[in-house]
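Novice: Numbering (the working numbering), first residue to last: 77 to 258.
Pasting in a structure now, in structure tokens, and then I'll have a few things to ask.
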Ligand SMILES: Cc1cc2nc3c(=O)[nH]c(=O)nc-3n(C[C@H](O)[C@H](O)[C@H](O)COP(=O)(O)O)c2cc1C
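Right, dumping it as structure tokens:
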């Protein structure tokens, strides 16, 4: 197996990050992996806010719990049972905002996978995090969007958490029933 295929096969969702901040070199490599993603008609319908400010990440984590507590008690209880965090102590988040155009959701998803694979190739853990939408949907949403420099009219696309994984995980099993080779 070549290095690229090995990276794809070994990547896993990390939910246990060490405090260790990312180096400037790691941030540069991840940012450039994000920007290298393909997009429909090369429209690049995204903006990437790379957040290493732990205070901001923690504030959004706490706000996500506030929002869930008010709006989705069952999910709130699940998050609390899983440690009371949606960001798992990640020292860095790449928040991807989107212009909402036709293929933007798919383009942002591809960008995320570039980041996740780049992170794994650098020996870092990652988690693609749809729940990062939650703190932006509550009363502090506009404040957070401003602090993360969302361009005008852009909305949440997806986020990827990155950091040193405190523990590893087996990659999920391949479900070959999902495959037809003709
Ligand atoms: C679009 C998307 C959103 C996701 N959002 C979350 C999330 O908010 N929280 C979380 O813990 N995992 C999230 N995940 C991770 C998935 O749960 C994970 O990829 C899946 O369980 C397979 O496990 P693996 O990534 O370790 O192979 C998300 C994955 C994708 C692709």
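The C-beta atom is built at its ideal place from N, Cα and C for all residues, glycine as well.
For residue 77, count neighbouring Cβ atoms within 10 angstroms of its own Cβ and tell me buried if that reaches 16, exposed if not.
Specialist: Under this definition residue 77 is an exposed residue.
Novice: Going along the chain, which residues put their C-beta within less than 5 Å of some heavy atom in ligand 1?
Specialist: Any heavy atom of ligand 1 within less than 5 Å of a residue's beta carbon puts that residue on the list, which reads 88, 89, 204, 205, 206, 207, 248.
Novice: For a minimum of 3 consecutive residues, which ranges assigned as the beta strand (DSSP E) are wholly contained in the segment 129-202?
Specialist: 168-174
Novice: Am I right that residue 218 and residue 116 are in contact with their C-beta atoms under 8 Å? What's the rounded C-beta distance?
Specialist: A Cβ-Cβ distance of about 29 Å is found for the pair residue 218 and residue 116, leaving them out of contact under the 8 Å criterion.
Novice: Apart from the five residues just before and just after residue 133, which ones in its own chain have a Cβ nearer than 7 Å to its Cβ?
Specialist: 127, 163, 166, 169
Novice: Tell me which residue opens and which closes the beta strand (DSSP E) that residue 232 is part of.
Specialist: If you look at residue 232, you'll find it in the beta strand (DSSP E) that goes 231-239.
Novice: Does the distance from the C-beta atom of residue 137 to that of residue 161 stay below 8 Å?
Specialist: Cβ distance < 8 Å, so residue 137 and residue 161 count as in contact.
Novice: Measure the CB-CB distance between residue 39 and residue 173 and report whether it falls below 8 Å.
Specialist: No answer is possible for residue 39: it lies beyond the span of the chain, which begins at 77 and ends at 258.
Novice: Is residue 135 near ligand 3 - that is, is its Cβ less than 7 Å away from at least one heavy atom of it?
Specialist: Only ligand 1 can be found as ligands here, which leaves ligand 3 out of the picture.
Novice: Across which residues does DSSP place residue 123 in a beta bridge pair?
Specialist: Looking at the DSSP assignment, residue 123 forms a beta bridge with 173.
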